[in-house]
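Engineer: Chains as they are written, first to last, in numbering that gives the first Met the number 0: chain A, 0 to 178; chain B, 0 to 178; chain C, 0 to 178; chain D, 0 to 178. Structure below; questions to follow.
Number of protein chains: 4
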Amino acid sequence: MNVTIDIVHTKGLIGVKMCEVAKRVKISPSNLYIYFKNKEDLLRSVFFDTTKKIVKHFDESIPNHPICKKRIEGVFHFIIQTKVNRSKEFSFIRQFVQSPYLEKKDMQQMDLILKNVFDVFRDGQKEMILKDDVEIELIFALMEGTTSKLVEFQNKGKITLDKITLDKSFRMIWDAIRQ
Amino acid sequence: MNVTIDIVHTKGLIGVKMCEVAKRVKISPSNLYIYFKNKEDLLRSVFFDTTKKIVKHFDESIPNHPICKKRIEGVFHFIIQTKVNRSKEFSFIRQFVQSPYLEKKDMQQMDLILKNVFDVFRDGQKEMILKDDVEIELIFALMEGTTSKLVEFQNKGKITLDKITLDKSFRMIWDAIRQ
Amino acid sequence: MNVTIDIVHTKGLIGVKMCEVAKRVKISPSNLYIYFKNKEDLLRSVFFDTTKKIVKHFDESIPNHPICKKRIEGVFHFIIQTKVNRSKEFSFIRQFVQSPYLEKKDMQQMDLILKNVFDVFRDGQKEMILKDDVEIELIFALMEGTTSKLVEFQNKGKITLDKITLDKSFRMIWDAIRQ
Amino acid sequence: MNVTIDIVHTKGLIGVKMCEVAKRVKISPSNLYIYFKNKEDLLRSVFFDTTKKIVKHFDESIPNHPICKKRIEGVFHFIIQTKVNRSKEFSFIRQFVQSPYLEKKDMQQMDLILKNVFDVFRDGQKEMILKDDVEIELIFALMEGTTSKLVEFQNKGKITLDKITLDKSFRMIWDAIRQ
DNA sequence: CATGAATGAGCCTTCATTCAT
DNA sequence: TATGAATGAAGGCTCATTCAT
Chain A
0 MNVTIDIVHT KGLIGVKMCE VAKRVKISPS NLYIYFKNKE DLLRSVFFDT
50 TKKIVKHFDE SIPNHPICKK RIEGVFHFII QTKVNRSKEF SFIRQFVQSP
100 YLEKKDMQQM DLILKNVFDV FRDGQKEMIL KDDVEIELIF ALMEGTTSKL
150 VEFQNKGKIT LDKITLDKSF RMIWDAIRQ
Chain B
0 MNVTIDIVHT KGLIGVKMCE VAKRVKISPS NLYIYFKNKE DLLRSVFFDT
50 TKKIVKHFDE SIPNHPICKK RIEGVFHFII QTKVNRSKEF SFIRQFVQSP
100 YLEKKDMQQM DLILKNVFDV FRDGQKEMIL KDDVEIELIF ALMEGTTSKL
150 VEFQNKGKIT LDKITLDKSF RMIWDAIRQ
Chain C
0 MNVTIDIVHT KGLIGVKMCE VAKRVKISPS NLYIYFKNKE DLLRSVFFDT
50 TKKIVKHFDE SIPNHPICKK RIEGVFHFII QTKVNRSKEF SFIRQFVQSP
100 YLEKKDMQQM DLILKNVFDV FRDGQKEMIL KDDVEIELIF ALMEGTTSKL
150 VEFQNKGKIT LDKITLDKSF RMIWDAIRQ
Chain D
0 MNVTIDIVHT KGLIGVKMCE VAKRVKISPS NLYIYFKNKE DLLRSVFFDT
50 TKKIVKHFDE SIPNHPICKK RIEGVFHFII QTKVNRSKEF SFIRQFVQSP
100 YLEKKDMQQM DLILKNVFDV FRDGQKEMIL KDDVEIELIF ALMEGTTSKL
150 VEFQNKGKIT LDKITLDKSF RMIWDAIRQ
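The following block contains the structure:
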């Protein structure tokens with residue numbers, strides 16, 4: 000499955016060939032079919048496995064802190080971190096989601112990923128620290144979208160996500176969502 | 000080329016078959032090869048054409064307004080509008096960019112798209128209305144990322160981008176970037 | 000037709016494309032079909048025309064000389080000359096003859112080419128100067144084969160057919176066929 | 000590979016279709032691609048294999064005899080024999096060599112074929128039995144060319160290479176090359 | 001006489017998948 | 001569990017040929 004993710008990352012979903020996956024794992028193509036019913040099964044398995052891992056990662060490692068702002072700053076850094084460290088996985092998910100392999104039910108899986116993040120925001124609203132007259136989805140879109148683009152820009156070499164840049168970025172986000 | 004965009008939108012880049020493109024345009028597959036050297040040429044042509052069109056659209060229609068805030072609000076609505084109206088085109092671009100068809104030089108094309116938006120932000124900084132101690136890329140990432148996610152959420156049915164929602168969203172963005 | 004010969008010479012019979020022939024003559028492919036019924040017709044026409052030209056060339060220019068040896072030496076030089084000057088044409092004929100385009104009747108055409116050469120040999124036999132106990136075909140094979148190879152070797156850069164080399168070559172041939 | 004040679008012999012290089020090759024070997028076309036990368040690879044492989052085989056055949060079976068004339072007569076018969084027995088292979092080589100598939104390096108292969116024959120001639124020159132004032136290439140051209148034409152004439156039904164005819168032919172060749 | 005546009009047949013090739021072992 | 005060999009279905013592409021003008 001790692002190999003599959005790797006290939007998708009370098010050559011895109013189009014570039015995935017059962018043959019090559021097998022070769023890279025040093026087994027025969029036919030052997031692959033013992034573990035996965037077919038190509039779709041392989042791809043979907045990778046998708047489920049990957050999202051599940053990320054969900055778990057979020058479930059277990061979402062930073063906690065008594066002070067709301069600190070907590071959210073932690074979440075911000077955590078999301079960025081995760082997107083950087085698991086860029087291949089995210090790239091896979093992004094492509095899978097746009098492919099004809101995606102079925103409706105698969106989407107639910109994805110919604111689980113940032114459930115916890117929602118909770119953090121909800122708490123912030125309850126504590127009257129975050130804007131409470133805007134839907135949580137909007138706050139979330141801002142956080143999700145901004146972090147995604149930041150990482151994308153770094154990957155393209157347009158910015159460097161050092162401490163200072165991250166601080167500046169978070170300051171903007173914080174200004175956006177705080178009451 | 001429209002047909003190609005359509006197919007990519009519904010079936011993904013993987014789903015593009017010269018055969019089907021031809022059938023939908025009601026010409027023979029071989030006839031396609033008079034206009035495009037091969038599949039890659041078709042895809043790349045669509046990419047260039049589409050980005051060029053969007054660049055032109057941005058060049059011509061970026062809203063202007065004497066008051067900075069109004070100007071940026073205009074830009075915000077304009078971007079959202081464009082992303083909604085041309086969702087297929089953007090979907091195509093997103094997928095093409097991740098495919099093995101993409102070559103380095105193709106990327107330059109994309110940078111042109113939002114050149115004008117940069118200018119709007121730069122003006123805002125010069126007028127000392129926008130935060131001027133953060134790199135323009137960060138401001139841009141926030142705007143780009145947030146709008147993308149908003150549209151994505153609407154497409155998924157999670158939110159509705161009505162007047163009120165847009166106003167709320169812009170308020171957040173404005174709070175983020177204003178001095 | 001010259002263009003066709005040219006293409007066959009550089010790219011082989013396989014390389015002949017109606018499209019390219021047309022392009023090189025600066026007419027449209029469809030226009031080609033006014034002059035030739037189809038590809039086979041074009042190729043066969045070239046074949047007939049070329050052989051006919053060579054036959055005519057042999058008919059008109061076969062050297063004559065009262066002394067038998069001189070006459071045959073003339074023929075030898077003449078054949079070599081022709082094979083060098085019309086190497087493209089001969090290359091075409093060679094390839095056409097091995098192709099599925101060749102029909103039995105086409106072969107007769109070829110036999111005409113060296114009819115006159117046969118006559119020269121026959122005269123030599125009658126004059127009791129050439130070996131008269133060997134079939135004319137054998138004498139002919141020796142002349143034809145040797146000259147072909149000589150030209151081939153020159154084309155490959157293995158020998159140079161200068162005066163001296165030609166003299167040596169003819170001496171061998173003469174020793175072979177004289178009584 | 001034999002099938003390929005066969006097809007080239009009957010239908011020319013143009014007539015080689017991967018499809019038909021496969022059908023005749025009773026495997027699927029795709030299976031062919033396990034053994035040969037593509038059509039060109041198949042053709043080139045056949046070429047290499049065939050020339051190599053012939054080279055080997057010449058290396059191993061070039062007749063030897065203490066008396067120079069006998070030795071060369073042996074070579075003469077041997078060449079004719081080979082050209083008759085392996086007419087298909089020679090036909091393939093001839094056509095391949097004129098095709099766009101041929102690359103420069105491929106030619107070297109061919110020069111090996113008659114290396115040994117050269118040696119026989121060289122020995123004859125050293126023994127002062129063959130003409131030693133003519134380049135070996137000329138002697139070779141005479142032998143090669145004449146034998147080729149003889150076999151060609153037999154194939155066309157113009158002569159029959161029986162004992163008597165061969166003797167006559169060799170007498171001519173011998174007269175040509177002996178001192 | 002000339003053409004640009006169009007086409008269908010067919011070939012090469014790939015690749016997911018299976019079969020015999 | 002593992003594999004090498006095999007395959008069928010399908011897609012990309014070429015090219016001789018024709019059609020409307």
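We treat Cβ as the ideally placed atom computed from N, Cα and C, and that holds for glycine. None of the values given here were measured: they were computed from a predicted structure.
1. Determine the chain B residues that contact T50 of chain A at a beta-carbon separation under 9 Å, and present them in chain order.
2. Which residue wins for smallest C-alpha separation from L165 of chain A, given the options A:Y100, A:A140, A:G73?
3. Going by C-alpha distance, which of B:I78, B:F89, B:L101 is nearest V119 of chain B?
4. Check whether the Cβ atoms of K10 of chain A and P62 of chain B sit closer than 8 Å, and answer yes or no.
5. Could you pull the start and end residues of the alpha helix (DSSP H) that S29 of chain C belongs to?
6. Would I4 of chain A pass as a contact of V45 of chain A if the rule is Cβ separation under 8 Å?
7. Using the Cα positions of Q153 of chain C and Q94 of chain D, report the straight-line distance between them to the nearest angstrom.
8. Beta carbon of L179 of chain D, beta carbon of L149 of chain D: below 8 Å?
9. Under 7 Å Cβ to Cβ from M127 of chain D, same chain only, skipping five residues before and after it: list those, please.
10. Please list, in chain order, the residues of the segment 15-49 of chain A that have any C-beta partner in chain B closer than 8 Å.
11. For the segment 105-138 of chain C, which residues have a CB atom closer than 8 Å to at least one CB atom of chain D, in sequence order?
12. Determine which residues share a DSSP beta bridge with R23 of chain B and list them.
13. Identify every residue that forms a DSSP beta bridge with L129 of chain D.
14. Please confirm whether T145 of chain D and L141 of chain C have their CB atoms less than 8 Å apart.
15. Less than 8 Å between the CB atoms is what I'm expecting for L31 of chain B and A21 of chain B, so what's the real figure, rounded?
16. Is there a Cβ from chain B that is less than 8 Å from the Cβ of E143 of chain A?
17. For K157 of chain D and chain C, any beta-carbon pair shorter than 8 Å?
18. Where H8 of chain B and V2 of chain B are concerned, what is the direct C-alpha to C-alpha distance, given to the nearest angstrom?
19. Relative to chain A, which residues along the segment 76-94 of chain B have a C-beta separation below 8 Å, given in chain order?
20. Cβ of D5 of chain A less than 8 Å from any chain B Cβ?
21. So, are the CB atoms of I172 of chain D and L129 of chain D less than 8 Å apart?
22. If you measure from the beta carbon of I13 of chain D to each beta carbon in chain C, is any gap under 8 Å?
23. In terms of residues, what are the limits of the alpha helix (DSSP H) holding M142 of chain B?
24. Please report the distance separating the alpha-carbon of K68 of chain B from that of H76 of chain B.
25. What does L149 of chain C touch in chain D if you count any residue whose Cβ is under 8 Å from its own?
26. Can you give the Cα-Cα distance for E59 of chain C and D48 of chain D, rounded to whole angstroms?
27. Strictly below 7 Å CB to CB, what residues from chain B border F152 of chain A?
28. In this structure, does DSSP put S98 of chain D in helix, strand or coil?
29. Thinking just about the alpha-carbon of each residue, which of A:K167, A:E134, A:L111, A:I158 is nearest to the one in F169 of chain B?
30. Report the rounded CA-to-CA distance for K82 of chain A versus E88 of chain A, giving the unit in angstroms.
31. Output yes or no for whether 8 Å exceeds the beta carbon distance between W108 of chain C and T50 of chain C.
32. Who are the near neighbours of F117 of chain A in its chain, counting only those whose CB is closer than 7 Å to its CB and skipping five residues on each side?
33. G11 of chain D lies in the alpha helix (DSSP H); which residues open and close that run?
34. Report all residues from its chain with a CB closer than 6 Å to the CB of V38 of chain C; omit the five preceding and five following residues, and keep chain order.
35. Have a look at I66 of chain D and G123 of chain D and give me their C-alpha separation to the nearest angstrom.
Structural biologist: Looking at the atomic coordinates:
1. Chain B residues near T50 of chain A: none, gap ~16 Å exceeds 9 Å.
2. A:G73
3. Checking every option, the nearest Cα to that of V119 of chain B belongs to B:I78.
4. No, Cβ-Cβ distance for K10 of chain A and P62 of chain B is not below 8 Å.
5. Run containing S29 of chain C: 28-34, per the alpha helix (DSSP H) assignment.
6. yes
7. 20 Å
8. The question about residue 179 of chain D has no answer here: the residues shown for chain D are numbered 0 through 178.
9. Q178
10. none
11. M106, K130, D132, V133, E134, E136, L137, I138
12. Per DSSP, none; premise fails for R23 of chain B.
13. D:R177
14. yes
15. L31 of chain B to A21 of chain B, Cβ: 5 Å. Contact.
16. Closer than 8 Å to some Cβ of chain B, the Cβ of E143 of chain A qualifies, so yes.
17. yes
18. Taking the straight line from one Cα to the other gives about 10 Å.
19. S90, R93, Q94
20. Chain B, which has no Cβ nearer than 8 Å to the Cβ of D5 of chain A, makes this no.
21. No, these two residues do not count as a Cβ contact at 8 Å.
22. yes
23. 135-154
24. Inter-residue distance for K68 of chain B and H76 of chain B is about 12 Å (C-alpha atoms, whole angstroms).
25. L137, A140, G144
26. Spanning the two alpha carbons is a distance of roughly 46 Å.
27. Result: E136, A140.
28. coil
29. A:E134
30. 9 Å
31. The sequence shown places Gln at residue 108 of chain C, rather than the Trp named in the question. It is a contact, given that the beta carbons lie within the stated cut-off.
32. I135, F139
33. It is not in any alpha helix (DSSP H) - G11 of chain D carries neither H nor E in the DSSP assignment.
34. The sequence given here places Lys at residue 38 of chain C; Val does not occur at that position. Hits under 6 Å: M17.
35. 10 Å
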